[in-house]
Structures are given as structure tokens and as C-alpha cells.
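Chains as they are written, first to last, in my numbering: chain A, 40 to 197; chain B, 27 to 527.
First the structure, in the form of C-alpha cells, and then the observations on it.
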């Protein structure tokens, strides 16, 4: 875990350096007082100083063999990556496939990754969560969800 | 007299059929969020904000606040029946609540908890009614100098009390402030940290950030291990015995006072209130050794305290414009999204809205008391749904919520990025509450700092010319410096958050 903490502290320091660099490109001070870059510059500096303090502390702490591992077991990693991929892909294709198709596929996939329920139940939940939610939100809650930009799917009301 | 008139006007607004319905919906959704594992009140409230866009500001805030204190009621159900706290504040209820459920007295525990929560909520709301006038009168005297100092004090308290590591809390607070900087600078009109993306010109909406950090992060953390089946304790009669009622009266009153008082202090969580109420009950009991074996006092006091805290924490928001907890910060964000700025001017400029919302707290607590116990069977059925299915449904609703903020899939990506970040930060023991608070308060804080410095033509001495600001700044410095003293007295563990071996 010590290495992980050191690496994370280094990431924060790099982030703070970037913030300070970017802030210098903005107005730091004007005739009327602080400019756009004033506040973020000092926040970046403070973050860098704190990250450095954390790095020093993390480096001083002795390693603990009994500590829980940072990374989960392989199956856990697969589940986590599957969920992340599912959300990212859904965001990527939602405007093309439309909310209903995207959410149907998303729900079927995540229910298969996370749950152990019968297929019919998966299908029912996915259908209600996609087509049902689309019509509920559009019809009653005045929230417009994207329809498919593909002519074929659009003609089917998806 | 004016306060009573205002409150009556507020009841007139809160009891309008539309607002009453929204309070019912908010209460039910809040209880459901409290019952569901893995979806905390902050993420739950943020997720439902887009649904309020088509409502008027009064109705929207009534629904969201009802949802907020509904989560406090819901958290109790899982604590008593599952020995798993739905909310952190209900954790202490597990000790005696679950013990009671195992003895077949779970129904009585839930009834007393509901009554305790109701009394706690009403006491705290009355405190808000009483405090509103004097506090807003003081706050109306504040200029940007005092306001900046007050925000700094609020943030310092939250960071100072957020977790065991002051360094990590400060880092998270600054991270939230930096996130608030993204977009066009409100004073100079210059774009900052937008990476050339037009989607970022208006800044990053706090809704996907909070859903990501709290909701998505929690789901990813839970996905590490296979989900275990839940074992529910059997339900019994909801009617407590006469002795149980007698034993609950004093704890409920004590818990209500403790929760209301601690709710006023930004940074003190409602878990601390319920814990202190539990300690108070143990201390005042003639049989402290029996706590943990199913004492009704161990349920009544903490439950009254956590709901009183939840309602009491709204006092600094309404009177000073300072949110005292992450969920209240989300509610403050909802106010801002609806064009209302919480604080003393709200009472002056929108009295019908603010008194309507305050009156709705009483109405909402009555609704929760009436609805919760008869609906207990439904909550139990929800608890029986496997977590895998619940997680998938929650994820789908988070995608929906993120998209609905500005009808853009970009916000779904933002939510995902912050979900991964929330998961990693959680694993590194970073407290996430300071991010929310500073994210919401960041723009107000920067604006008041820059306005102050413009008044003084760049001189920081302006902060020493106002006695109120000096007191606030000294208190903030004390809160932040105190761990340094402990550091020198007790060693490095205080700052790092590492427990001594």
C-alpha cells in the first residue's frame, strides 16, 4: 500500500503543477484586484504542498503485510471494468442508438454481470428500465430522452 | 408575532395539494434511498434533481428536502431488520435495534424509531423557526469580507471534522474548489481549465460529480466482491409495550436536543449526533451494561438525534447560506439551479418559498410518520431484491439522472470519470464530504474574496478591519491548526490519519 500512496501523492503533485502552470496563463492580478488565475494558482500551490506532506508521511510509514491489498481479486477487477466499459459505451452510443435500445442492452449486460436471476426476469427489468422509463419520462415528467438517429430504429419509434 | 404569521403563510403554501403530493413523493423516494444499500442521501438527492427541473422552485425544494429527511427514516429499517445501516447515522441503531429484532421486538423498535425521528424533526424545525429571525438579521449585515470569512470557517469545520486525516481532508477541500473553477470566470469572463471543450464553458455540473463520487464509486467498491444473500430478521407487532413507550420518552427528548444543537455546526455529521445520543442514554441509564442487548433507549435516543440533526443542519443553510453536510450542499446546489440563493436574502426576497419549505418540514415529518409504518412491508420486499439487480437498476437511473441535467451524454462521461475517482479515493481513505461542500461553495467563496480585494484595492488587511471577519478567521485557523498541536504532542499519526500501532 505504501507504493500506492506514494504514487497517488505524486499524481496529486503533478495535478497541482498543471493547475499552477495553467493559472499563470490567466490574468493573475489586475488594477482592480485579483484576476482569473489568482485563486486557482494558490489553490494549486496549497494542493502541491499538502500532497508533498502526504508523500513524506507515506514514505515514513512502515509497510504492513496484513493490510488489505489495494487491487481486488481478478473476478472483482473484471466486474468493475465491465461496469465502467458498459457506462462508457452507453454514453458513446446513446445519441446514435437512442435511449431505449442503449438502456435495454446496458441493463441486460449489467444484470448478467452483477446478478444471477432468470433470463425472463432480466428481460422484463431491461424492458421496463428502457422502454418503460422512456415513455414515463417523456410522457409524464417532461424529460426528453434521446431517440435513435438511425432511420431504421427511428421508424420503429426507438 | 411576525414569525408566527410567516409560518402560517408557509403552511398555506406547504399544504397546497401539489406541494403536499411532492412532499409525499419525496418522503417515499427518500425512505427508499435510505433503505437501498449503496445509494447514500447525497448521491440519491443529486440523482433526482433533474426530475425537479419542470417544477417550480418551491415544489422542487419541498420534494428534495422531504427526500433528504426521508433517507434518515429509511436507514433505520435496514439497521433494525438487517443489522446493516442504510445510512451511516443509523449505524449505532444496529446495536440495540437488531438485538430487539432478534428477540421478536423489531416492530416496536421501528415504531419507536419512527416516533423519535418525528419528534426530532419537529423540534429541529421549531428551532429553525425561532432562529431564523435573529440569525438572518445578523447575516444581513454581512458584506463580502464577512461572507468570505464565514464560508472559510464553514469549510474549515467540515474539513477539520471530516475524517481522521487533516491532510487528506484539506486536499479534498482544495480539489472541490478547483473543480468549481472550471468554466468561465464569473467576474472577468475568462474561460478557465476548459481544455477547449465547449461543454465545460458553463463549468462542470455538480450533479454528475456527486453521483459519480458517491453513487458510482460505492457501486464499483461493492462490485469488488460477489454479493452475499441478505438475512432479514422476522417482523413482529409494530405496537410497543407501555413500558417501552415510557422508556422512550426521555431519550427521544434528549436525542432531539442533542441532534438539533449539533446539526447547527457545519462538519459534525449526524452519525456523531446519534453516537453522542447513545452515549448520553448509556450514561443516564441505571443499567448501562444492558445496552447492546435490545434496550429501547438505544434506539429512541439516536434515532431522534439523527433526524433532529438532519433538520437542524438546514438552519445554517437557510439563515447564513452555509451547508453543514454534503447532502445539504446538494440541496443548496438545487436552490441555486432553481435561481434561489440560500441565505438571509432568501427570507427577504422569497418569503413564500422559504416559509413554505420550512412549513413543509413539519408536513413531511408527519407524512413520514403516517406512511412509514404501514409501508414497512413494502420496504421489506425491496430489501429482499438481490443487490445485483438493485445495483443495475441504480446504475441505469444514475445514467438517466446524469443525462437529464443538460440533455448531454457528456455528463454521463463526467459521472463515470468521477465514479472511478471516487472509488480510488475511497480506497485511499480520502474523505469525500469536503469535495461536495467546496464544489458548491467554491464560486461564492471566490466571488466574495475577489470582491473584498477589489474594495481594498488588493490589500488583504481588509479582513482584519472587520471584527466579525477576524473572529471567523481566527476560529477557522484554530480548527485547522489544532491537529498540528496534537501532532507535536502525540506524534505524526494525527495528521496522517494512521492509527497508532
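Glycine included, C-beta positions come from ideal geometry on N, C-alpha and C.
In this text, all values refer to a predicted model and were calculated from it rather than measured experimentally.
It is roughly 59 Å from the alpha-carbon of residue 483(B) to the alpha-carbon of residue 323(B). The shortest C-alpha to C-alpha distance from residue 76(A) to any of 152(A), 57(A), 156(A) is the one to 57(A). Residue 120(B) sits buried, since 16 or more C-beta atoms from the chains shown fall within 10 Å of its C-beta.
DSSP, read as helix, strand or coil, puts residue 168(A) in helix. Interface criterion not met: the Cβ of residue 113(B) is under 9 Å from no Cβ in chain A. Within the stretch 238-322 of chain B, the runs of alpha helix (DSSP H) that reach at least 4 residues and sit entirely inside it are, in chain order, 243-248, 268-289, 296-310. Excluding the 5 residues flanking it on each side, residue 287(B) has no same chain C-beta neighbour closer than 7 Å.
Of all residues in the stretch 397-420 of chain B, those with a C-beta nearer than 7 Å to a C-beta of chain A are 412, 414, 415, 417, 418, 419, reading in chain order. Around residue 338(B), the same chain offers 150, 153, 154, 285, 286, 287, 288, 289, 290 as residues with beta carbons nearer than 8 Å, after the five sequence neighbours per side are excluded. Under the Cβ distance rule, residue 167(B) does not count among the residues neighbouring chain A, no pair being separated by less than 9 Å.
A distance below 6 Å between beta-carbons, with the five flanking residues on each side excluded, links residue 136(A) to the following residues of its chain, in chain order: 187. Only those residues of the stretch 102-129 of chain B whose C-beta falls short of 7 Å from the nearest C-beta of chain A would be listed, and there are none. With contact defined as three or more Cβ pairs closer than 8 Å, the stretch 378-385 of chain B and the stretch 38-48 of chain B are in contact.
By the criterion of a C-beta distance shorter than 6 Å, residue 118(B) is surrounded in its chain by 300, 301, 304, 328, once the five residues flanking it on both sides are discounted. Between residue 449(B) and chain A, the shortest Cβ-Cβ separation is below 9 Å. Of all residues in the stretch 75-93 of chain A, those with a C-beta nearer than 9 Å to a C-beta of chain B are 75, 76, 77, 78, 79, 82, 83, 85, 86, 89, 90, 92, 93, reading in chain order.
For residue 442(B), the enclosing alpha helix (DSSP H) covers residues 436-453. Counting the other Cβ atoms within 10 Å of the Cβ of residue 436(B) gives 16 or more, which makes it buried.
At a cut-off of 9 Å between C-beta atoms, residue 496(B) does not count as an interface residue with respect to chain A. When the five nearest sequence neighbours on each side are left out, the beta carbons in the same chain lying within less than 6 Å of the beta carbon of residue 320(B) are those of 122, 125, 126, 129, in order along the chain. In this structure residue 181(A) is exposed. Its beta-carbon is surrounded by fewer than 16 other beta-carbon atoms within 10 angstroms. Annotated three-state conformation of residue 353(B) is helix, per DSSP.
Here residue 209(B) carries a strand assignment [DSSP, helix/strand/coil]. Residue 217(B) sits in a strand when the DSSP states are folded into three classes. At a Cβ-Cβ threshold of 9 Å, residue 190(A) and residue 184(A) do not count as neighbours. Collapsing the DSSP output to three states places residue 154(A) in coil. The distance from the Cβ of residue 383(B) to that of residue 104(B) is about 28 Å, inconsistent with a contact at the 8 Å cut-off.
With respect to residue 138(A), residue 173(A) sits close: the two C-beta atoms are nearer than 9 Å. Residue 228(B) sits exposed, since fewer than 16 C-beta atoms from the chains shown fall within 10 Å of its C-beta. If you look at residue 143(B), you'll find it in the alpha helix (DSSP H) that goes 132-165. For residue 469(B), there are no C-beta contacts with chain A under 7 Å, since the nearest C-beta of that chain is about 10 Å from it. For residue 161(A), DSSP assigns no beta-bridge partner whatsoever. Per DSSP, residue 181(A) is not a residue of any alpha helix (DSSP H), being assigned neither H nor E.
In the DSSP assignment, residue 126(B) falls within the alpha helix (DSSP H) that extends over 119-128. Under the three-state reduction of DSSP output, residue 67(A) falls in the coil class, being neither helix nor strand. In the DSSP annotation of this structure, the continuous segment of the alpha helix (DSSP H) that includes residue 72(B) starts and ends at 67-74.
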